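Novice:
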Amino acid sequence: MKAAQDGPVFITDDGRPSHVLLTIEAYRRLTQPRRYIADALAMPQAQDGDFEPPRLTIAVKPADLI
Numbered sequence: 009m010k011a012a013q014d015g016p017v018f019i020t021d022d023g024r025p026s027h028v029l030l031t032i033e034a035y036r037r038l039t040q041p042r043r044y045i046a047d048a049l050a051m052p053q054a055q056d057g058d059f060e061p062p063r064l065t066i067a068v069k070p071a072d073l074i
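Residue numbering for the sequence shown follows this note's numbering, beginning at 9 and increasing consecutively.
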């Protein structure tokens, strides 16, 4: 168990890996659901709020073709 604090411990059977010993923290990191960028950007918890982005004014000047 002490060796697993530094990383996974591979247990072999006849020289072939058969099991892995992990800390519970490492196991939970591996098994937690992945968060996808599209889901994070969708922000479903913010659907009830109003969002008023500031208006952007862009000044256009004529091109100097000389």
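Idealized CB from N, CA, C, for every residue including glycine.
As the structure is a prediction and not an experimental result, all values here were calculated from the model.
Assuming Thr39 and Gln13 are in contact, meaning their beta carbons sit under 8 Å apart, how far apart are those beta carbons, in whole angstroms?
Specialist: That belief does not hold up - the Cβ atoms of Thr39 and Gln13 are roughly 19 Å apart, past 8 Å.
Novice: Among all the DSSP beta bridges, which residues are the ones paired with Asp21?
Specialist: Arg24
Novice: Let me check one thing: in DSSP terms, what residues is Leu29 bridge-paired to?
Specialist: Val17
Novice: Would you say Asp14 touches the ligand SAM, meaning its beta carbon is less than 7 Å from a heavy atom?
Specialist: The ligand SAM is not among the ligands present in this structure, which contains no ligands whatsoever.
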